[in-house]
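Everything below concerns the one structure shown next.
Residue numbers (my numbering): 82 to 168.
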């Protein structure tokens, strides 16, 4: 998904696994937002399998990503960063 899709999922505590597939924005934005640096497809699928089979790990990952979204990616945080940059 795109950046907004990833942030929305994270904000809902739905864990996101994203691949850093290259230098272009669309190739790495999901991984950058999640904070993971998965660069190979085998590791990506291992992570998917691990979360798919472990509801506790899924919940924990979702909650951690939700905190990240609210603390670093939510609109009030971003607005303050823009305000500081313009000041």
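By construction, the Cβ of each residue, glycine as well, lies at the ideal position given by its N, Cα and C atoms. What you are looking at is a predicted structure, and each value in this text was computed from that prediction instead of being measured.
Rounded to the nearest angstrom, the Cβ distance from residue 99 to residue 143 is 14 Å, too far for a contact under 8 Å. Contact check for residue 151 against residue 88 fails: the beta carbons are separated by 8 Å or more. Leaving aside the five residues that flank residue 110 on each side, the residues in its chain whose CB is nearer than 6 Å to its CB run, in chain order, 84. In the DSSP assignment, residue 116 falls outside any alpha helix (DSSP H) and carries neither an H nor an E. The alpha-carbon of residue 96 is positioned some 31 Å away from that of residue 166. Between residue 138 and residue 145, the C-beta gap is not smaller than 8 Å, which leaves the two residues out of contact. The beta carbon of residue 128 sits closer than 6 Å to the beta carbons of 98 from its chain, once the five residues preceding and following it are set aside; these are given in chain order.
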